[in-house]
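Here the structure is laid out as structure tokens; the discussion comes afterwards.
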Amino acid sequence: MSSRIAIIAVLVLVFGSLLVYSQLRHEPLKVSGYIEAEDIRLGSRVGGRIAEVLADEGDHVQKGQVLVRLEPFDLNEQLAAAKAEQDDKQAVLSKLKSGYRVEEVAQAKAQVDQLTARLKKLVDGPRKQEIDAARAELKMASSQLELAQANFKREKEVFEKGAGTQEKIDRVADLLREAESSSVVRENNLSLLVEGTRQEEIDEARAALDEATQQYELMKSGFRTEDIAQAAAAVAAATANVAAIQQRIEELNIVAPNDAIVEALELEPGDLMAPNAPMLTLIDPNKLWVRAYVPENHLNIELGQKLPITVDSFDGEFQGEITFIARNAEFTPNNVQTPEERSKQVFRIKVTLLDGRDKLRSGMAADVWLEPRK
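Residue numbers (our numbering): 199 to 572.
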């Protein structure tokens with residue numbers, strides 16, 4: 199009986215030891231992955247020939263630091279031409295907005311006044327004094343004609359009697375013709391004055407006055423709103439062209455968008471780079487995370503949860519925060535190590551490192567502990 203009790207006691211001791219050993223052998227759940235960093239691939243939208251390379255691989259660069267500079271080719275000349283065109287369009291717009299000068303408006307007003315006076319003169323016709331003067335001139339011309347006719351008749355009679363000379367008779371004949379012409383001219387002038395201004399002249403003067411008046415009103419009103427809007431649109435287009443060329447010139451300098459480390463840079467002055475092609479790669483050391491995969495039966499985690507992270511290269515733990523949990527499951531990648539079978543589906547998580555960024559590097563293997571470590 200005592201031996202049987204002893205055997206039972208030994209068995210209990212053995213099973214108890216196995217149970218304690220199995221509990222001591224239980225390891226908290228962890229998932230493995232690799233540390234990743236944010237890659238920044240820089241290039242230029244214009245491309246061109248490399249003028250200067252101002253950084254090397256491994257350099258710590260500051261935000262805004264120029265890393266590579268391209269040759270401008272003819273961009274500076276294009277900018278100068280675009281600015282000249284912009285100034286020209288702006289001058290046209292300023293002229294239209296300012297309107298006509300005061301001197302130009304005054305000149306147009308004087309033209310209107312002058313044509314108004316001329317039209318009134320034509321409409322009113324000759325004055326009575328002018329007609330009276332024309333009659334007097336005609337009367338005088340008639341008297342001179344009568345005198346010339348008498349002189350010619352007398353000299354002709356003398357010449358026919360053989361007492362005069364041919365020279366004298368020719369002279370008085372010329373005086374007679376001159377008097378006749380003068381009398382005709384004076385008579386015609388009087389007829390024109392008595393008849394008054396022709397209607398065609400009045401119509402012509404009135405049309406000229408209307409045209410000058412319209413020109414004067416146009417100058418007072420300034421340029422049309424549509425012309426000003428068109429000029430403003432031309433200025434806007436020229437300004438946009440200048441801004442576009444300036445942006446292309448800015449693209450000649452490849453600058454760091456933030457503090458980073460140069461990861462890959464294989465350029466030499468003289469190399470040709472295509473537009474929109476990556477020239478170098480930067481790594482942001484302040485943004486490190488671990489990409490890992492969690493089995494679906496351990497998805498009792500949440501965004502913002504803090505988890506310990508360990509790496510083989512350093513002792514101790516680093517802190518991380520879950521910043522992403524995939525909504526869709528996927529099959530386990532080959533590089534994932536979990537206590538579960540690889541055939542099970544998992545969910546990708548992103549655990550952003552909160553410390554150790556000065557020590558850890560992209561590509562290091564890391565373990566994310568989903569349960570507290572003992």
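Virtual Cβ for every residue (Gly too), placed ideally from N, Cα, C.
Among the options, the one whose alpha carbon lies nearest that of residue i
| i | options | result |
| --- | --- | --- |
| V440 | A282, A334, D237, A249 | A282 |
| E269 | I452, L480, F512, A563 | I452 |
| V383 | Q347, M338, K351, E415 | M338 |
| G246 | V229, W567, R559, R267 | R267 |
| S560 | D237, L227, K359, V251 | D237 |
| A430 | I459, A289, E569 | A289 |
| D553 | I520, L486, E378 | L486 |
| A475 | S242, A235, V229 | S242 |
| Q444 | D254, A279, S230 | A279 |
| A304 | T423, A438, Q413, S340 | Q413 |
| G262 | N456, G514, L505 | N456 |
| D644 | M417, T411, R489, E449 | The chain is shown from 199 up to 572; residue 644 falls before or after that span and cannot be answered. |
| S340 | L374, I367, T508, E448 | L374 |
Classification of residue i by the beta-carbon crowding that lies within 10 angstroms, buried from 16 upward
| i | result |
| --- | --- |
| G419 | First, the residue type needs correcting, since residue 419 is Ser and not Gly in the sequence shown. So S419 ends up on the exposed side. |
| D286 | exposed |
| L345 | exposed |
| V259 | buried |
| D565 | buried |
| L501 | exposed |
| F516 | buried |
| V549 | buried |
| K228 | buried |
| N498 | exposed |
Beta bridge counterpart(s) of residue i as assigned by DSSP
| i | result |
| --- | --- |
| G246 | M471 |
| N451 | R267 |
| A458 | V259 |
| T314 | Looking at the DSSP assignment, T314 forms no beta bridge with any residue, so it has no partner. |
| K228 | W567 |
| F545 | V492 |
| R239 | T479 |
| P506 | Q517 |
| E528 | V544 |
Cut-off 8 angstroms between Cβ atoms - residues of its own chain near residue i, not counting five sequence neighbours on either side
| i | result |
| --- | --- |
| E314 | Before going on, a small fix: residue 314 reads as Thr here, not Glu. Cβ within range, chain order: L407. |
| A527 | E494, Q543, V544, F545 |
| Q284 | V433, A436, T437, N439, V440 |
| L320 | T395, E399, I400, A403 |
Contact set for residue i: own chain, Cβ-Cβ below 7 angstroms, skip 5 residues either direction
| i | result |
| --- | --- |
| S511 | M562 |
| K295 | I426 |
| L343 | A377, E378, S381 |
| F271 | G246 |
| D482 | A235, E236, I238, N456, A458 |
| K557 | F512 |
Sequence-distant residues of the same chain with beta carbon closer than 6 angstroms to residue i, five excluded per side
| i | result |
| --- | --- |
| V370 | N349, F350, E353 |
| D469 | I248 |
| A524 | F545, R546 |
Below-8 angstroms beta-carbon distance, residue i vs any chain D residue
| i | result |
| --- | --- |
| S560 | Included in the structure is just one protein chain, with no chain D present. |
Exercise for the section: Could you tell me which uninterrupted alpha helix (DSSP H) segments, each at least 4 residues in length, are contained entirely in the region 331-414, listed from first to last along the chain? Expected result: 364-393
Handout entry: Entirely enclosed beta strand (DSSP E) segments - the region 282-311, minimum 3 residues
Key = none
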